[in-house]
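Written out below as structure tokens is the structure these notes cover.
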Amino acid sequence: EPEVTQTPSHQVTQMGQEVILRCVPISNHLYFYWYRQILGQKVEFLVSFYNNEISEKSEIFDDQFSVERPDGSNFTLKIRSTKLEDSAMYFCASKGGTTTETQYFGPGTRLLVL
Amino acid sequence: SQELEQSPQSLIVQEGKNLTINCTSSKTLYGLYWYKQKYGEGLIFLMMLQKGGEEKSHEKITAKLDEKKQQSSLHITASQPSHAGIYLCLATQGGSEKLVFGKGMKLTVNP
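Protein sequence lines correspond, in order, to chains S and P. Its first residue numbered 14, the first sequence is counted upward by one per residue in the numbering used here. Its first residue numbered 912, the second sequence is counted upward by one per residue in the numbering used here.
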């Protein structure tokens, strides 16, 4: 069964460093998403991406964040200069088409900023 | 903005017992999803409900959406250790792509 994959599973970085989190969505899906979950809190929406552009983003998704689909299979989230408060589990999701379709989630990348 | 409250926050049951998890929305639901989260496995889709009064079942899990589309329940019959995990309700808001999450309900099933 097709699934969303994410790499790495864990990443530790120093404050101020750039990180790139990678996701491989399900191959025929058209909509892509990033969410994050700070320890002990709810999962929060970051950004949605369709047709090679951001379709929606939250207040969290400021200029330090960017997303890209560089090669038609990967979907990446870049954090330019990490802060301590960026430590969280980051989930990628994808879905096929319409608004009501189900989003399929990857296993997450746990990011720790020291 | 829409808020989802789940209850209880956690539950420990003996194998074989039935249980119900609730999810209440601050606004009328456009679409309601139930997912299960296990460590290292991401969020696993269980069911989606859209219509008031809708009920869906899969194996021993039944999800319902009330007529007013503001509350949903997830019922597990004859629970097994494989049912253990965190159950999350998620909702879509009309006109938006993003999903809003509940905080989750941690289920432990003791053999």
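Backbone N, C-alpha and C fix where the C-beta goes; we use that ideal spot for every residue, glycine too. These numbers were taken from a predicted model, which means no experiment stands behind them.
Contact check, residue 125 of chain S vs residue 25 of chain S under 8 Å by CB: the rounded distance? 5 Å
Provide the residue(s) that pair with residue 94 of chain S in DSSP beta bridges, ordered along the chain. DSSP lists no beta-bridge partner residue for residue 94 of chain S.
Could you have a look at residue 61 of chain S and say whether DSSP puts it in helix, strand or coil? strand
Under 8 Å from the C-beta of residue 952 of chain P: neighbouring residues of chain S: 120
At a CB distance below 7 Å, what residues from the region 49 to 63 of chain S approach chain P? Give them in sequence order. Answer set for the region 49 to 63 of chain S: 55, 56, 58 and 61.
On a Cα-Cα basis, can you pick out the residue from S:92, S:93, S:87 and S:28 that is closest to residue 106 of chain S? Of the listed residues, the one whose Cα sits closest to residue 106 of chain S is S:87.
Tell me whether the beta-carbon of residue 17 of chain S lies closer than 8 Å to the beta-carbon of residue 117 of chain S. yes
Express the C-alpha separation of residue 100 of chain S and residue 960 of chain P in angstroms, rounding to a whole number. It is roughly 33 Å from the alpha-carbon of residue 960 of chain P to the alpha-carbon of residue 100 of chain S.
CB contact check: residue 998 of chain P to chain S, cutoff 8 Å: no
What does residue 116 of chain S touch in chain P if you count any residue whose Cβ is under 7 Å from its own? In chain order: 1010.
Among P:924, P:1000, P:953 and P:931, the one whose alpha carbon lies nearest that of residue 8 of chain S: The structure shown does not extend to residue 8 of chain S, since chain S spans only 14 to 127, so no value can be given for it.
Which residues of chain P have a Cβ atom closer than 8 Å to the Cβ of residue 72 of chain S, listed in chain order? Here the premise fails: no neighbours, minimum Cβ distance about 11 Å.
Simplified DSSP assignment, three categories, for residue 994 of chain P: helix
Is there at least one Cβ from chain P nearer than 8 Å to residue 45 of chain S's Cβ? no
Considering only C-alpha positions, which residue in the set P:1007, P:973 and P:998 is nearest to residue 950 of chain P? P:998
Using a Cβ cut-off of 9 Å, pull out every chain P residue sitting near residue 104 of chain S, in sequence order please. 953 and 954
What distance in whole Å lies between the Cβ atoms of residue 79 of chain S and residue 29 of chain S, which are believed to be in contact at a cut-off of 8 Å? Wrong, their Cβ atoms sit about 17 Å apart, outside the cutoff.
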